[in-house]
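Protein chains in written order, with the numbering used here: chain A, 84 to 537; chain B, 84 to 537.
Report on the structure given below.
There are 2 protein chains.
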Amino acid sequence: MVNLIRKYGRILRAPENFLQPELIAEMQRGQLDETRRGFLRKSFLAAGASLAAGTALARSAAAIGADGDPNILALPEHSRTLGKPVAANPYGVPSAHETNLLRRESPGLTRVSAASVAFTPLQGLFGIITPSGLHFERHHQGWHDIDPGKHRLMINGMVKRQKVYTMDDLMRMPSVSRMHFIECGANTAMEWGNVAVPSVQYSHGMLSCSEFTGVPLSVLLEDCGFDKHNARVVLAEGADGSSMTRTIPIDRALDDVLVAWGMNGEMLRPENGYPLRLVVPGVQGVSWVKWLRRIEVGDKPYASKDEAIHYMDAMPDGSYRQYTSIQECKSVITSPSAGQALLDTGFYNITGLAWSGRGKIKRVDVSVDGGKNWRTARLETPVLSKCLTRFNIDWEWSGNPAVLQSRAIDDTGYVQPKINELRAVRGTRSIYHNNAIQSWQVAQTGEVSNVQVY
Amino acid sequence: MVNLIRKYGRILRAPENFLQPELIAEMQRGQLDETRRGFLRKSFLAAGASLAAGTALARSAAAIGADGDPNILALPEHSRTLGKPVAANPYGVPSAHETNLLRRESPGLTRVSAASVAFTPLQGLFGIITPSGLHFERHHQGWHDIDPGKHRLMINGMVKRQKVYTMDDLMRMPSVSRMHFIECGANTAMEWGNVAVPSVQYSHGMLSCSEFTGVPLSVLLEDCGFDKHNARVVLAEGADGSSMTRTIPIDRALDDVLVAWGMNGEMLRPENGYPLRLVVPGVQGVSWVKWLRRIEVGDKPYASKDEAIHYMDAMPDGSYRQYTSIQECKSVITSPSAGQALLDTGFYNITGLAWSGRGKIKRVDVSVDGGKNWRTARLETPVLSKCLTRFNIDWEWSGNPAVLQSRAIDDTGYVQPKINELRAVRGTRSIYHNNAIQSWQVAQTGEVSNVQVY
């Protein structure tokens, strides 16, 4: 187990493969208990000793002791040598020790990987900003790296002046920057049934949050002289081969929708729509059309294939709810979460994310006993509208089994429902818009798993 | 010029080499005027025509016309083919069209590149979050990728319990996430004299902003039982070979200082101190000790080499101000900025950054006539304490020469000074803490350059 801890860096973070056979085997052999007793003590002693060789440290380190390893008197190489120069990586990359933290496809979820999902590894992330390299991916026909010099945005339909904009045209316009979450409407889809997927990466990882920069769609619609009396919707169309089109009500289009080129300070990544995507705050990801090439102003919903066949809520009476696009208030504990293991009793920082497509998060409550008792978590600032909010709360683990849950409340007063409350209205046939409370079970061994608690 | 526009993607952004000889030559040959007349019209027609082939577009595109190019009737390849699969890059990278936007070393600034600077390309960034791959670098002995499993933090000195923490120990503690700017005390150093460096990347690029996650230093000091009656300072020490140590007053250490492992949602990058660095909000970058391995509690400033030889303000009377660490209120227009070129008259979005080590930005004013007249810019939200604030303001360029300036005011009421006001107090011998108003001159040709306006 000590080797595994070294290999994976930290106690809590999920190993490369959460079903890593050697991890399970070690646990089953009961080495966990040995680790609990021995690891902290050993590492404490070794650390004190290796630090002792630094002259600046000698005075105080002497009080800490050494364990007799002949090598520990040498300073580590990085304290004795000249390191790498600046701009060794003109565009930097993560540490070689962090190669486990990747977006991952769920094998077999779809027939081809060009029309699939790669999930964000929420279990290893901090704060609210998702690193752009780990932003989730959902493509319908694969992704391309489009030449921005050749890309165009057309605005047509019920407008006085049909226009085609170059990227240069758009990037000269008044721009705004805003932080928003994006969540696929099918996030947490498997939890409608009793299929408990084995980690938060796969249960909730179609969720990311970035600072987006672009021109308000309202500015472009004004520029084209849209028909204020008759326009009811806009249709957004992507430039990839999937014929992706989505209808957006005109009042929303004029409110906070952006035609965005910037994400987390730089240009969008190709997988996220470079050079241009729609940002539709609070609305499911499919409407945030990537590689945006056209906006058509119309007077009725278009009922496109992605609105009439997919992305509809199957209801228990056999009907389908269409055009349900707002991502309702939701939260999830990202650590400890399924696939991780607590290697010791004592203090843990329970941390997670909360969000609402209706506005700001007002409060997050956390339970460690499956919903019997709740305590209010600390919210990290800033708390922004239609943006992820990070919460943290202290927890002392006694070593007994526990069920961890979080429950978010937004500033409309809406309370995140339990899974059975949601099923009572929505049934179990749906794929989309599951915002139920998530339960993680901590076993006596420290293993954390995905369970459904009613 | 059209080729150059294609090559660099957008009109405003600085080309790879801002002194690109062919760009200057083309400008001098007067091709700018031809471009102004012809480019937008040409690209408009070509775009309308190429879009016309898409069936979904045929109806409206027919009204836009075509220019006879036989290739334009084909849909672009990315609209006809299957793209790349999800997780093709499990850790994503920028578009191949964005390879110009890199952090860059200023050749000759220091004797060796391991003790140098790589600047953030502010001219091409949006919003307030700096992509971690473009975070500026300033090393004193190069950088290393330290194994977090072996890294330790010791706390010693005036404490009841000297302790050595593993990364696992630290990451189990109560953590907070906060967005803060970091600026090197020597940022904009060359502007003390009349050496106008040729782009905002080199004049202001030792500036970045991230969401940091870590444990408050106050929690660790409490954990070790620091001497509340006699402690006056802490000393922070890095694990690289430069023997970097910095003194921090105890009241600041107990206020908002973090021992951080997270940056923009993931672990720190190696160049930025992985796995552990100090975050000292509002204070110059040198105190944000990277690869943090030790905190010593003491009762007087340590006057370490980086406090007694370097990082002191040379005053006009020959004396030196020591321990000046707060980064005072400052701002800069990032676009248009030196090294860029305006290729057309008309509307531009002037955009830039403002920040204060004392608190929040209250207001940013912008002048386009060298400080004679000022207008108040729009501030993007969120406006956070000791964090970058993005500002934007509309500007119609007539084609006449202009001098662009921004002036920030923070919530203490402090107003960013002019360079001659700063020099009247500080002289011209200093390297550090130049927070003067920056001037960019727009020539009639559209070329933007760095000038000093008094």
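Glycine included, every Cβ here is placed at the ideal spot set by N, Cα and C.
Small disclaimer: the values here were computed from a predicted structure and weren't measured.
| query | Is residue 302 (chain B) helix, strand or coil by DSSP? | reply | Residue 302 (chain B) sits in a helix when the DSSP states are folded into three classes.
| Which residues DSSP lists as bridging residue 354 (chain A), in chain order | In the DSSP assignment, residue 354 (chain A) is bridged to no other residue.
| message | Within the continuous alpha helix (DSSP H) that includes residue 389 (chain A), where are the two ends? | response | In the DSSP assignment, residue 389 (chain A) falls within the unbroken alpha helix (DSSP H) covering 388 to 391.
| query | Can you tell me the Cα-Cα spacing of residue 184 (chain A) and residue 428 (chain B), whole angstroms? | reply | Residue 184 (chain A) and residue 428 (chain B) have their alpha carbons spaced roughly 47 Å apart.
| When every heavy atom of the ligand MG is checked, does at least one fall within less than 6 Å of the C-beta of residue 360 (chain A)? | For the structure depicted, the ligand MG is absent and the ligand set is empty, with no information on it obtainable.
| Is the shortest distance between the beta-carbon of residue 478 (chain A) and the beta-carbons of chain B less than 7 Å? | It does not; no Cβ of chain B falls within 7 Å.
| CB contact check: residue 185 (chain A) to chain B, cutoff 7 Å | At a cut-off of 7 Å between beta carbons, residue 185 (chain A) contacts chain B.
| query | Whose C-beta lies closer than 6 Å to the C-beta of residue 462 (chain A) among residues of the same chain, with five residues either side of it excluded? | reply | Residues 472 and 474 of the same chain have their beta carbon placed closer than 6 Å to that of residue 462 (chain A), with the five preceding and five following residues left out of the count.
| Segments of 4+ residues assigned as alpha helix (DSSP H) that fall wholly inside the region 255 to 337 of chain B | Fully enclosed alpha helix (DSSP H) runs of 4 or longer: 283 to 287 and 300 to 306.
| said: In this structure, how does DSSP classify residue 160 (chain A) when only helix, strand and coil are distinguished? | reply: Residue 160 (chain A): helix per DSSP, three-state reduction.
| field | Members of the region 184 to 207 of chain A that neighbour chain B once the beta carbon cut-off is set at 7 Å | value | Only 184, 185, 186, 187, 188, 196, 197, 199, 200 and 201 from the region 184 to 207 of chain A bring a Cβ to less than 7 Å from some Cβ of chain B.
| Are the beta-carbon atoms of residue 188 (chain A) and residue 170 (chain B) separated by less than 7 Å? | Yes, the pair counts as a contact, with Cβ atoms nearer than the cut-off.
| Mapping DSSP to helix, strand and coil, what is residue 251 (chain A)? | Assigned with DSSP and collapsed to three states, residue 251 (chain A) falls in helix.
| field | Three-way DSSP call (helix, strand, coil) for residue 369 (chain A) in this model | value | Residue 369 (chain A): helix per DSSP, three-state reduction.
| message | Using a Cβ-Cβ distance cut-off of 7 Å, determine whether residue 316 (chain B) contacts chain A. | response | At a cut-off of 7 Å, the C-beta of residue 316 (chain B) has no neighbouring C-beta in chain A.
| message | Taking CB distances under 7 Å as the criterion, tell me whether residue 440 (chain A) reaches chain B. | response | It does not: the Cβ of residue 440 (chain A) has no partner Cβ on chain B nearer than 7 Å.
| request: Check whether the Cβ of residue 349 (chain A) lies closer than 7 Å to any Cβ atom in chain B. | output: Yes, its Cβ sits closer than 7 Å to a Cβ of chain B.
| request: Buried or exposed for residue 489 (chain B), please, with buried defined as at least 16 other CB atoms from any protein chain shown within 10 angstroms of its CB. | output: Buried, because 16 or more other Cβ atoms sit within 10 Å of the Cβ of residue 489 (chain B).
| request: Would you mind telling me which residues of chain B sit closer than 7 Å to residue 443 (chain A), beta carbon to beta carbon, in chain order? | output: The contacting residues do not exist; residue 443 (chain A) stays about 12 Å from chain B at best.
| Of the choices B:257, B:264 and B:228, whose alpha-carbon is the least far from that of residue 468 (chain B)? | Selected option, being the one with the closest Cα: B:264.
| Beta-carbon proximity of residue 343 (chain A) to residue 329 (chain A), cut-off 7 Å | No, the Cβ-Cβ distance between residue 343 (chain A) and residue 329 (chain A) is not below 7 Å.
| field | Host alpha helix (DSSP H) of residue 505 (chain A) (start-end) | value | Under the DSSP assignment, residue 505 (chain A) falls in the alpha helix (DSSP H) whose first and last residues are 502 to 509.
| query | Three-state secondary structure (DSSP) at residue 550 (chain B)? | reply | Residue 550 (chain B) lies beyond the range of chain B shown here (84 to 537); nothing can be said about it.
| query | By the 10 Å Cβ neighbour count, where 16 or more other Cβ atoms means buried, how is residue 160 (chain B) classified, buried or exposed? | reply | With fewer than 16 Cβ atoms within 10 Å of its Cβ, residue 160 (chain B) is classed as exposed.
| Using 7 Å as the limit for Cβ to Cβ distance, is residue 309 (chain B) near chain A? | Not closer than 7 Å to any Cβ of chain A, the Cβ of residue 309 (chain B) fails to qualify, so no.
| request: Since I believe residue 517 (chain A) is in contact with residue 279 (chain A) (beta carbons under 8 Å), could you give me their beta-carbon distance rounded to a whole number of angstroms? | output: Contact doesn't hold; Cβ gap of about 13 Å is too wide.
| DSSP state of residue 491 (chain A), grouped into three classes? | Three-state DSSP puts residue 491 (chain A) in a strand.
| Whether residue 281 (chain A) touches residue 421 (chain A) by CB criterion (7 Å) | The answer is yes: Cβ separation under 7 Å.
| Cross-strand partners of residue 436 (chain A) (DSSP beta bridge) | Residue pairing by DSSP places residue 436 (chain A) opposite A:415 and A:473 in a beta bridge.
| message | Along the region 392 to 421 of chain A, where does the CB come closer than 8 Å to a CB of chain C? Name the residues. | response | This model lacks chain C altogether; the protein chains it does include are A and B.
| query | So who's on the other strand from residue 242 (chain B), going by DSSP bridges? | reply | In DSSP, residue 242 (chain B) forms a bridge with B:309.
| Residues of the region 373 to 389 of chain A with Cβ closer than 8 Å to any Cβ of chain B, in chain order | The region 373 to 389 of chain A vs chain B, Cβ under 8 Å: 374, 376, 377 and 379.
| Pair within 7 Å by beta-carbon distance, residue 412 (chain A) and residue 460 (chain A) | Cβ atoms of residue 412 (chain A) and residue 460 (chain A): not closer than 7 Å.
| Taking Cβ-Cβ distances below 8 Å as the criterion, which residues of the region 211 to 238 of chain A are in contact with chain B? | Cβ contacts with chain B: 211, 212, 213, 214, 215, 216, 217, 218, 220, 221, 222, 224, 225, 226, 227, 228, 229, 230, 231, 232, 233, 235 and 237.
| said: So, at 7 Å on beta carbons, what are the nonlocal neighbours of residue 409 (chain B) in its own chain, with the 5 sequence-adjacent residues on each side left out? | reply: By the criterion of a C-beta distance shorter than 7 Å, residue 409 (chain B) is surrounded in its chain by 365, 366, 440 and 441, once the five residues flanking it on both sides are discounted.
| message | Would you call the region 252 to 267 of chain B in contact with the region 194 to 206 of chain A, where contact means no fewer than 3 C-beta pairs closer than 8 Å? | response | By the Cβ criterion, the region 252 to 267 of chain B is not in contact with the region 194 to 206 of chain A, since fewer than three pairs of Cβ atoms, one from each stretch, lie closer than 8 Å.
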